[in-house]
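With full-length UniProt numbering as the guide, the letters of the sequence shown map in order to residues 1 to 149. Even for Gly, the Cβ is constructed at its ideal location relative to N, Cα and C. It should be emphasised that the depicted structure is a prediction, and the values quoted were computed from it without experimental measurement.
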Amino acid sequence: MKCPYCGHPDTKVIDSRPAEENNAIRRRRACDVCGKRFTTYEKVETIPLIVIKKDNNREQYNRTKIENGILHACYKRPVPAERIKETVDAIELAIFKREEKEIPSQEIGEIVMEKLKDLDPVAYVRFASVYRQFKDVNTFMDELKTFLE
């Protein structure tokens with residue numbers, strides 16, 4: 001591994017440990033030339049996942065979009081940040097377990113809604129109201145009835 005400080009092409013590993021719930025390895029490294037230390041992470045390389053949007057356009061999967069949607073749904077709710085992160089991790093795991101190269105955005109939305117039911121009922125309804133594009137109060141009430149059953 002090349003040193004980010006002096007550019008020397010060879011550094012040594014001082015410490016290795018699991019990171020990101022055993023999905024990565026964190027390595028502390030030291031440069032023999034300049035003596036500086038730095039951290040690297042090693043992950044399994046995955047094939048990029050393509051999301052098929054409602055208008056049939058395709059774009060690369062972006063975890064940040066899911067995080068932002070959940071953060072908006074949980075706005076001013078008593079949901080700890082750690083639980084939000086765990087939920088996003090669980091959603092991402094469910095998506096990647098499908099082992100598909102392309103996934104419709106509707107399927108991602110359904111997975112998000114399923115996980116939000118367990119996280120916070122108000123966040124679930126907020127997300128559903130945007131995701132399902134409720135046209136009127138009756139549609140909204142139908143979703144609430146389904147949730148309450």
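Measuring CA to CA, which of L144, C3, S105 is closest to K117?
-> L144
Using the beta-carbon count (16 or more within 10 Å), is G35 buried or exposed?
-> exposed
Distance, G109 Cα to I50 Cα = 15 Å
Would you mind working out which of A90, R98, R27, F38 sits nearest M113, comparing C-alpha positions?
-> A90
C-beta atoms of K53 and S129 nearer than 7 Å = no
Could you give the DSSP three-state label for F134: helix, strand or coil?
-> coil
Is the beta carbon of R26 less than 7 Å from the beta carbon of Y5?
-> no
Residue range of the beta strand (DSSP E) that V51 falls in?
-> 50-52
What residues match up with K43 in a beta bridge as DSSP calls it?
-> A24
Classify D120 as helix, strand or coil using the three-state DSSP reduction.
-> coil
Alpha carbon to alpha carbon, how far is I111 from R98?
-> 12 Å
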